[in-house]
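Worksheet for the structure shown next.
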Amino acid sequence: MKLTNNELETIRRWMYREARPIDLARWQYHFENGTQNEVIHSLAAYQNSDGGFGYGLEADSANPNSSPIQTWCAIELLEEIGFSDTNHPIIQGILDYLEKTEFFKNGQWLAEIPSNNDHPGAPWWKYSEKVGDWEYNPTASLVGFVLKHTAVDSSFHEQARNIARRAIDSYLQRQPLNDMHECYCYQTLEKYCREAEITDLFDLDKIQELLIGNVSRLITTDPAAWATSYVCKPSQFYKSPESSYYVGNERITQTECDFIVTSRNKEGIWDITWNWGCDADAFAIANLHWKSTLVVRNMLFLRNFNGISSTIPE
551 MKLTNNELET
561 IRRWMYREAR
571 PIDLARWQYH
581 FENGTQNEVI
591 HSLAAYQNSD
601 GGFGYGLEAD
611 SANPNSSPIQ
621 TWCAIELLEE
631 IGFSDTNHPI
641 IQGILDYLEK
651 TEFFKNGQWL
661 AEIPSNNDHP
671 GAPWWKYSEK
681 VGDWEYNPTA
691 SLVGFVLKHT
701 AVDSSFHEQA
711 RNIARRAIDS
721 YLQRQPLNDM
731 HECYCYQTLE
741 KYCREAEITD
751 LFDLDKIQEL
761 LIGNVSRLIT
771 TDPAAWATSY
781 VCKPSQFYKS
791 PESSYYVGNE
801 RITQTECDFI
811 VTSRNKEGIW
821 DITWNWGCDA
831 DAFAIANLHW
841 KSTLVVRNML
851 FLRNFNGISS
861 TIPE
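See the structure below:
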């Protein structure tokens with residue numbers, strides 16, 4: 551099952567009418583010969599002077615202040631477009647923020663920060679004193695980024711090595727892992743270490759083997775639940791057939807591709823399956839932002855798994 555040319559044109563037109571600039575730049579980069587620089591230019595608008603990111607880049611938090619989780623979102627977008635120039639100001643700013651932020655406690659970057667409570671946002675991003683509820687989400691991913699992009703003889707790199715060791719020790723002690731977001735963060739830690747050829751921190755093959763088991767167990771296999779609930783689909787964990795996590799999940803991946811094609815709303819795009827339950831006006835804006843984010847995510851997944859019938863219309 552594939553998207554038709556007419557369906558592609560409907561999606562493209564919606565993006566040009568409704569998408570926030572960062573998502574339109576991503577769309578153009580992936581599907582219309584856009585450039586990395588255009589994505590970086592749009593992304594930089596969310597970066598604060600301390601190097602961190604805010605301003606609702608993670609659309610469920612309208613907080614303009616820098617936070618580790620919104621900075622993680624920026625890192626994910628850099629990874630999506632394959633941008634890894636360590637010397638670029640946007641990456642140097644991220645490293646500076648992660649090294650110096652006050653929101654690093656007990657060996658973890660905080661998922662929630664106090665100023666979230668001063669701005670509209672989802673209840674799960676409201677700050678509380680219960681540090682540790684998020685475990686190593688997003689710390690496992692952030693520390694992998696630091697390991698990849700810092701000099702091995704720097705003090706921050708050595709600090710990151712210690713954080714990564716504790717993160718992996720925690721992971722091994724808590725098998726099987728039950729949170730899909732934290733599992734993904736560990737996947738990215740393992741990936742960053744491979745890319746940086748850091749092989750002395752932990753057994754990369756052993757961790758990947760455990761993660762493969764976690765991924766297969768965490769995927770919700772009932773498409774009916776995908777339509778109405780915030781549950782885990784294959785696209786949470788891998789983006790292409792080249793991924794080690796795809797092996798053994800081929801059938802459920804095809805099911806998700808078919809689901810993506812058939813679950814579009816009357817606008818021809820996709821709805822999110824969650825609601826803040828508060829701040830209705832602000833949520834309406836966030837909902838629109840999530841829709842354009844979801845378009846890019848779904849279209850990339852379909853393209854990589856041969857779910858698009860042709861190229862995007864000009």
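For the numbering used here, count along the sequence shown from 1 and bump the result up by 550. Built from N, CA and C at the ideal position, the CB exists for glycine as well. Nothing here was measured: the structure is a model prediction, and the numbers come from that model.
Query raised in the report: Are the beta-carbon atoms of residue 699 and residue 751 separated by less than 8 Å?
Result: no
Could you check whether the region 726-743 touches the region 761-777, counting it as contact only if at least three pairs of C-beta atoms, one from each stretch, sit closer than 8 Å?
yes
| task | Measuring alpha carbon to alpha carbon, tell me which of 831, 834, 844, 794 ends up nearest residue 813. | result | 844
Original post:
Once you ignore the five residues that flank residue 653 on each side, which residues in its own chain have a CB closer than 8 Å to its CB?
Top reply: 617, 618, 659, 660, 663
| field | Terminal residues of the alpha helix (DSSP H) in which residue 840 lies | value | 830-854
Which complete alpha helix (DSSP H) runs does the region 598-666 hold, if anything under 4 residues is left out?
618-630, 639-650
Can residue 697 and residue 742 be called in contact, C-beta distance under 8 Å? yes
Handout entry: Presumed contact (8 Å Cβ cut-off) between residue 754 and residue 714, rounded CB distance
Key = Not really, about 12 Å apart at Cβ, beyond 8 Å.
message = Please give me, in chain order, every unbroken run of the alpha helix (DSSP H) with length at least 4 that falls completely inside the region 748-814.
response = 754-768, 773-778, 800-812
* Asked: Per DSSP, which one or two residues make a beta bridge with residue 671?
  -> 611
* Asked: Identify the residues that DSSP records as bridge partners of residue 713: which are they?
  -> For residue 713, which the question treats as bridged, DSSP gives no partner whatsoever.
- Query: Per DSSP, what kind of secondary structure is residue 858 in: helix, strand or coil?
  - Reply: strand
In the structure shown, what three-state DSSP assignment does residue 739 receive? helix
- Tell me where the alpha helix (DSSP H) around residue 688 begins and ends. Counting along the chain, residue 688 falls outside any alpha helix (DSSP H), and DSSP gives it neither H nor E.
**Request:** Report yes or no: do three or more beta-carbon pairs, one from the region 831-850 and one from the region 570-589, lie closer than 8 Å?
**Result:** yes
(message) Could you give the first and the last residue of the continuous alpha helix (DSSP H) run that contains residue 565?
(response) 555-568
Considering only the beta carbon of each residue, do residue 564 and residue 818 sit closer than 8 Å? yes
Separation of residue 633 from residue 838, as counted between CA atoms
26 Å
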